[in-house]
Amino acid sequence: MDIAFAQREKLHGLILKAISDAVEAGDLTSYEVPEFVLEVPKDPNHGDFASNVALVSAKAARRAPRDVAEALVKHIPVGTFIAKVEVAGPGFINFFLSQEWLGDILRAVEMQGENYGASNYGQGEKVLLEFVSANPVGPLNVVNARAAAVGDTLARLMRASGYQVGTEFYVNDAGNQADVFARSLIARCHQQADPDYPFPEDGYPGDYVTDLAKQLLAERPDFLELPEDEQAAFCKRWGTDQMVKWQAEDLRDYGVEFDLWFRERDLHAQGKLEEVIAFFREKGYLYEEEGALWFRSTAFGDDKDRVLIKSDGLYTYVTADIAYHHDKLKRGYTKLIDILGPDHHGYIGRMKAAVQALGHGEDTLEVLILQYVALLRDGKPVKMSKRAGEFITMRELVDEVGTDAARFFFLNRSLESHLDFDMSLAVEQSSENPVFYVQYAHARICSILRQAEEVGVAVPTTADVDLSLLSEEAEVNLIKKLGELPEEILLATTLREPHRIARYALDLASTFHSFYTHCHVLGEEAPVRDARLVLVNCVLIVLRRTLSLLGISAPEQM
RNA sequence: GCGCCUGUAGCUCAGGGGAUAGAGCAUCGGACUUCUAAUCCGAGUGCCGCAGGUUCGAUUCCUGCCAGGCGCGCCA
Numbered sequence: 077m078d079i080a081f082a083q084r085e086k087l088h089g090l091i092l093k094a095i096s097d098a099v100e101a102g103d104l105t106s107y108e109v110p111e112f113v114l115e116v117p118k119d120p121n122h123g124d125f126a127s128n129v130a131l132v133s134a135k136a137a138r139r140a141p142r143d144v145a146e147a148l149v150k151h152i153p154v155g156t157f158i159a160k161v162e163v164a165g166p167g168f169i170n171f172f173l174s175q176e177w178l179g180d181i182l183r184a185v186e187m188q189g190e191n192y193g194a195s196n197y198g199q200g201e202k203v204l205l206e207f208v209s210a211n212p213v214g215p216l217n218v219v220n221a222r223a224a225a226v227g228d229t230l231a232r233l234m235r236a237s238g239y240q241v242g243t244e245f246y247v248n249d250a251g252n253q254a255d256v257f258a259r260s261l262i263a264r265c266h267q268q269a270d271p272d273y274p275f276p277e278d279g280y281p282g283d284y285v286t287d288l289a290k291q292l293l294a295e296r297p298d299f300l301e302l303p304e305d306e307q308a309a310f311c312k313r314w315g316t317d318q319m320v321k322w323q324a325e326d327l328r329d330y331g332v333e334f335d336l337w338f339r340e341r342d343l344h345a346q347g348k349l350e351e352v353i354a355f356f357r358e359k360g361y362l363y364e365e366e367g368a369l370w371f372r373s374t375a376f377g378d379d380k381d382r383v384l385i386k387s388d389g390l391y392t393y394v395t396a397d398i399a400y401h402h403d404k405l406k407r408g409y410t411k412l413i414d415i416l417g418p419d420h421h422g423y424i425g426r427m428k429a430a431v432q433a434l435g436h437g438e439d440t441l442e443v444l445i446l447q448y449v450a451l452l453r454d455g456k457p458v459k460m461s462k463r464a465g466e467f468i469t470m471r472e473l474v475d476e477v478g479t480d481a482a483r484f485f486f487l488n489r490s491l492e493s494h495l496d497f498d499m500s501l502a503v504e505q506s507s508e509n510p511v512f513y514v515q516y517a518h519a520r521i522c523s524i525l526r527q528a529e530e531v532g533v534a535v536p537t538t539a540d541v542d543l544s545l546l547s548e549e550a551e552v553n554l555i556k557k558l559g560e561l562p563e564e565i566l567l568a569t570t571l572r573e574p575h576r577i578a579r580y581a582l583d584l585a586s587t588f589h590s591f592y593t594h595c596h597v598l599g600e601e602a603p604v605r606d607a608r609l610v611l612v613n614c615v616l617i618v619l620r621r622t623l624s625l626l627g628i629s630a631p632e633q634m
């Protein structure tokens, strides 16, 4: 159990007890207590914790909020735990805790170390997180980069919160687009010998296809002599495999590794689509119309029915996607989270319908929609034309601004924000870049600890020092900030808002930098020095923890 | 026409129904003989898109409108 929750639980209990005591003493008439909040106020003058219990109780208790608050405060014991309690504003109850709890925070950080802020909230529930899932027909783009950063950090957060998380990248290597890609590749192969060979009108124009063609011919000099259908089959398989390999490398260099790259073609090969069709047929969810086989998804809340088998006898992508989600469920996952781009929001209804038709609850599938990324250079939009094959790839973005900066930029915004990513800002003003601000705090602490070691001063533990010496405002603020991480992790996890952690990292770094200018560590009298060494060491642990959740490096020197 | 997202300081964005709406950048002014000045301290700026509604209380929730981005295939 972590410290912030323990404090809150305790206060929660004290408030409930105060209500019943107040009723018993006749200060309040009995009423049903509504949900109320205990929060860390923005303004430190409002205490360490504040509650709106009197405000939300006003109606049921039929008293003015401030009257309710006054009645409750009379019954809240002040002593070793609570130093002071007061009524403020429209009827808030502000709690000022005694110094002791600050020590509890440092002890918790020291004890839990790199796992600080972890919990068992998820109780081992199996969650499958699917993200990126770009088609294997080209390089990853910047929205993919955003999805990768968000999905990866969400996975790290959910693991920290006690979920058993699997991450997967679904590879559409069996559909129409893979065929178009194969035809493009074949044409580029022919063009090596015959520059006039026609290129498919809907083909993929990027130079990478030509590069791939050259590589193919080097590996298979006999390729052009193969029968056409064999060329197509080879290109579809070999070509998409190459693209997957390429995408996986780019993602690995970006700090993102998937537990599984799931191939659509495996679903086909193993008859998983037929399985789903048979199951739906048996349940009576299918009907035929105009030569196609339809899924009555409207019976499960979708806005229109969906074709599963086209009139030409081929499956639609929906069928494969249903089979894939069916497979996830059969592997024991009880929660499926898909992170998609904004162009796929229409997909939510049909897939939620499918999961319900497969016999699972409405909330089993959760779809998070990311918004677009607009790349800017010098404040002006970067021109991107998919048709002309001109777009900034994830690789180029990362090469230009670095993995740490790229991940931080993406993770510092909420999912639904339409993100303006100014590359020149991220590069040219690198010293002003927020990610360096956080990393610099880490490097500064490392420097202090290095120098302490050089003069033979070891970092003590909380048990060795007098923590009450940490009483300067800058010190107290820093300790309180450390205490906030566990709650932030849990909120970021449950609300699926990883950007909270990036914000927290900036906050913590800022609080530390302020401490650094106001308080020296080395050179102080031994008792103060030692207490501060304990403090900065705890900050180091929490900064590392935070950066590791974000997938960003923690350099020891800058 | 229908659906999703967005509209908050000059710019980029935070704000889980609460107290005087915040941060960074940009602008201006201070602080390095002392653990890294990639830092710190201070200053100014807001019809929270508009109009209603719910509430003791709305930037937050609901409805309608306005503006911008993106979708609405037997493509994926």
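Per my numbering, the first sequence starts with residue 77, numbered consecutively. The C-beta atom is built at its ideal place from N, Cα and C for all residues, glycine as well. Please read these numbers as outputs of a predicted model, since none were measured by experiment.
1) Identify whether THR395 lies in helix, strand or coil by the three-state DSSP scheme.
2) Do GLY198 and GLY242 count as a contact pair if the criterion is CB distance below 8 Å?
3) Would the stretch 306-317 count as touching the stretch 253-267 if we require 3 or more Cβ pairs under 8 Å?
4) Tell me which residue opens and which closes the alpha helix (DSSP H) that ASP329 is part of.
5) So, is GLN527 buried or exposed, given that buried needs 16 or more other C-beta atoms within 10 angstroms?
6) Which word fits ARG483, buried or exposed, when buried means at least 16 other C-beta atoms lie within 10 angstroms of its C-beta?
7) DSSP has ALA368 in a bridge; who is on the other side?
8) Does the Cβ-Cβ distance between ASP606 and ASP540 come in under 8 Å?
9) Among residues of its own chain, excluding the 5 on either side of LYS160, which ones have a beta-carbon nearer than 7 Å to its beta-carbon?
10) With 16 as the cutoff for other CB atoms within 10 Å, does VAL531 come out buried or exposed?
11) Based on the DSSP output, what are the partners of LEU452 in its beta bridges?
12) Using C-beta distances below 6 Å, list every residue in its chain close to THR286, excluding the 5 sequence neighbours before and after it, in chain order.
13) Let me check one thing: in DSSP terms, what residues is ASN217 bridge-paired to?
14) How about ALA581 and PRO574: are their beta carbons less than 8 Å apart?
15) Using the DSSP secondary-structure output, state which residues sit across from TYR246 in a beta bridge.
16) What's the call for TYR363, buried or exposed, on a 16-neighbour Cβ count within 10 Å?
17) Would you identify the three-state DSSP class for LYS118, choosing helix, strand or coil?
18) Should the stretch 413-424 be called in touch with the stretch 384-393, which here means at least 3 C-beta pairs below 8 Å?
19) Taking the alpha carbon of ALA223 as the reference point, which residue from LEU444, LYS456, THR537 has its own alpha carbon closest?
20) Using CA atoms only, rank isn't needed, just tell me which of GLU108, ARG138, SER96, ILE158 is closest to LYS86.
21) Among residues of its own chain, excluding the 5 on either side of LEU584, which ones have a beta-carbon nearer than 6 Å to its beta-carbon?
22) Less than 6 Å between C-beta atoms, sequence neighbours within five positions excluded: which residues of the same chain meet that for MET77?
23) According to DSSP, is GLU549 part of a helix, a strand, or is it coil?
24) State the Cα-Cα distance for the pair ARG183 and ALA630, rounded to the nearest angstrom.
25) Report the three-state DSSP secondary structure of MET77 (helix, strand or coil).
26) So, are the CB atoms of PHE371 and LEU384 less than 8 Å apart?
27) Leaving out five residues on either side along the sequence, give the residues of the same chain with a beta carbon under 8 Å from the beta carbon of ILE617.
28) Under a Cβ-count criterion, where at least 16 other Cβ atoms within 10 Å of its own Cβ denotes burial, should HIS518 be classed as buried or exposed?
29) Would VAL129 pass as a contact of ILE181 if the rule is Cβ separation under 8 Å?
30) If I'm right that GLN323 touches LEU216 with Cβ under 8 Å, what's the distance once you round it to whole angstroms?
31) Answer yes if the stretch 398-409 comes into contact with the stretch 202-212, meaning at least three C-beta pairs across the two stretches below 8 Å, and no otherwise.
32) May I ask which residues mark the beginning and end of the alpha helix (DSSP H) holding TRP162?
33) Below 7 Å CB to CB, which residues in the same chain sit around PHE356 once its five sequence neighbours on both sides are set aside?
34) Would you call the stretch 224-238 and the stretch 619-634 in contact, with 3 or more CB pairs under 8 Å?
35) Do LEU114 and PRO166 have their C-beta atoms within less than 8 Å of each other?
36) Could you give the distance in angstroms between the alpha-carbon of ALA145 and the alpha-carbon of GLU438?
Answer, in terms of the structure:
1) Three-state result, THR395: helix.
2) Cβ atoms of GLY242 and GLY198: not closer than 8 Å.
3) Because the criterion of three Cβ pairs below 8 Å is met, the stretch 306-317 and the stretch 253-267 touch.
4) First-last of the alpha helix (DSSP H) with ASP329: 316-329.
5) That one is exposed.
6) The residue is buried, with at least 16 neighbouring Cβ atoms inside 10 Å.
7) Looking at the DSSP output, ALA368 sits in a beta bridge with GLU365.
8) In contact: ASP606 and ASP540 (Cβ atoms closer than 8 Å).
9) Around LYS160: VAL154, PHE172.
10) Under this definition VAL531 is an exposed residue.
11) LEU452 has PRO457, ASP498 as its beta-bridge partners, per DSSP.
12) ARG264, listed in sequence order.
13) In the DSSP assignment, the residues bridged to ASN217 are THR469.
14) In this structure, ALA581 lies away from PRO574, with their beta-carbon atoms at least 8 Å apart.
15) As a beta-bridge residue in DSSP terms, TYR246 pairs with PHE338.
16) Counting every other CB atom within 10 Å of its CB across the protein chains shown gives TYR363 a total below 16, marking it as exposed.
17) In the three-state scheme derived from DSSP, where H, G and I count as helix and E and B as strand, LYS118 is classed as coil.
18) Output reads no: the stretch 384-393 does not touch the stretch 413-424.
19) Taking only the C-alpha atoms, the option nearest ALA223 is LEU444.
20) LYS86 has its Cα closest to that of ILE158, out of GLU108, ARG138, SER96, ILE158.
21) Around LEU584: LYS557.
22) Interpretation of MET77 is limited by its pLDDT of 46, a score under 50 that renders its predicted location unreliable; the figure taken from the coordinates is listed afterwards. The answer is none, since no qualifying residue turns up.
23) GLU549 falls in the helix class under three-state DSSP.
24) Straight-line Cα distance between these residues: approximately 23 Å.
25) Residue placement at MET77 is poorly supported in this model, since its pLDDT is 46, which falls under 50; the coordinates still yield a value, given next. Residue state for MET77 is assigned as coil, using DSSP reduced to three classes.
26) Contact flag set, yes.
27) Around ILE617: VAL185, GLU186, GLY189, GLU190, TYR192.
28) By the neighbour-count rule (16 or more Cβ atoms within 10 Å), HIS518 is buried.
29) Against a cut-off of 8 Å, the Cβ pair of ILE181 and VAL129 comes out as no contact.
30) With a Cβ gap of about 6 Å, GLN323 and LEU216 count as contacting.
31) Pairwise C-beta distances place the stretch 202-212 in contact with the stretch 398-409, as three or more of them are shorter than 8 Å.
32) What sits at residue 162 in the sequence shown is Glu, not Trp. Taken as a continuous stretch (DSSP letters only), GLU162 belongs to no alpha helix (DSSP H), being part of the beta strand (DSSP E) at 158-164.
33) Taking PHE356 as the centre and dropping the five residues before and after it, the same chain places the C-beta of LEU362, PHE371, ALA433 closer than 7 Å to its C-beta, in chain order.
34) As far as the Cβ criterion goes, the stretch 224-238 touches the stretch 619-634, which means the pair count is three or higher.
35) Taking 8 Å as the Cβ cut-off, LEU114 and PRO166 do not qualify as a contacting pair.
36) Looking at the two C-alpha atoms, the distance is approximately 41 Å.
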